[in-house]
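For reference, the structure is listed below as structure tokens.
Shown next as structure tokens:
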């Protein structure tokens with residue numbers, strides 16, 4: 001099997017992300033660069049916990065032509081291709097619907113990153129790409145406009161996020177760090193509303209607590225919240 005090791009690593013990563021609550025069912029997708037010409041990407045409509053190495057697709061970066069694999073590549077393959085083309089330093093990109101960061105996409109605004117360590121990891125400001133239907137070239141092009149060499153996390157309006165890193169573990173670390181930044185942002189928004197809209201603030205706090213509970217019962221983050 002072509003790129004068997006890389007395919008196995010993608011499967012292992014999907015299982016890890018599912019257990020941590022960042023992926024669920026068939027939602028989200030992962031891409032791993034093989035070389036300058038192609039990358040491995042998860043297939044469409046297969047549960048991550050039942051996925052096998054042979055299910056992973058190999059596509060050509062420049063035109064998304066499928067080079068190997070019998071499954072249909074993820075409908076979001078175009079998102080990953082844009083990252084791979086425009087960021088040659090990136091070895092792995094991850095698209096998730098992770099709960100807290102995805103909630104932030106509904107606000108329609110970028111996220112400012114204030115903590116120095118997180119700024120170095122994510123970038124000073126997390127951009128947001130405008131809304132387009134999932135799986136369309138239009139969405140991929142909107143993301144492409146936001147890509148920056150020093151930014152490793154991106155919001156997709158009313159949809160989810162794209163995170164990237166030099167390798168698998170670096171990309172996972174970005175996923176985790178983005179969730180921390182998103183949680184801090186939502187907590188700040190809730191506190192700002194507490195005095196003038198206490199009932200709404202209390203309801204929002206319950207939602208945020210529920211989102212935290214979903215992620216922690218799925219698997220603990222390896223990042224400290226300090």
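Numbering (the UniProt record's numbering), first residue to last: 1 to 226. For each residue, glycine too, the CB sits at the ideal point set by N, CA and C.
When the alpha-carbon of residue 101 is set against those of 159, 87, 39, 68, the nearest one is in 159. The criterion of a C-beta distance shorter than 8 Å is satisfied by residue 10 and residue 32. A check of alpha carbon separations from residue 56 across 163, 188, 38 identifies 38 as the nearest. Around the beta carbon of residue 73, 16 or more other beta carbons sit within 10 angstroms, so the residue counts as buried.
Inclusion of residue 146 and residue 129 in the CB contact set at 8 Å is warranted, their separation being smaller than that value. Judged by beta-carbon spacing, residue 48 lies within the 8 Å limit of residue 23, meaning their Cβ atoms are closer than that value.
Residues 138, 139, 142 of the same chain have their beta carbon placed closer than 7 Å to that of residue 132, with the five preceding and five following residues left out of the count. Between residue 40 and residue 7, the gap from beta carbon to beta carbon is short of 8 Å.
Within the stretch 136-188, the beta strand (DSSP E) runs of at least 3 residues that lie entirely inside it are, in chain order, 153-156, 160-165. Between the C-alpha atoms of residue 18 and residue 196 there is a straight-line separation of about 38 Å. For residue 83, the enclosing alpha helix (DSSP H) begins and ends at 77-86.
Counting every other CB atom within 10 Å of its CB across the protein chains shown gives residue 99 a total of 16 or more, marking it as buried. Following the DSSP letters along the chain, one finds residue 102 inside the alpha helix (DSSP H) bounded by residues 99-105. Only residues of its own chain outside the window of five on either side were considered, and among them 177 have a CB closer than 6 Å to the CB of residue 121, listed in chain order. The three-state reading of DSSP puts residue 58 in strand, counting E and B together.
When rounded, the separation of the alpha-carbon atoms in residue 187 and residue 112 is 14 Å.
With 16 or more other Cβ atoms from the protein chains shown falling within 10 Å of its own Cβ, residue 96 counts as buried. One alpha carbon belongs to residue 170, the other to residue 93, and they sit about 10 Å apart.
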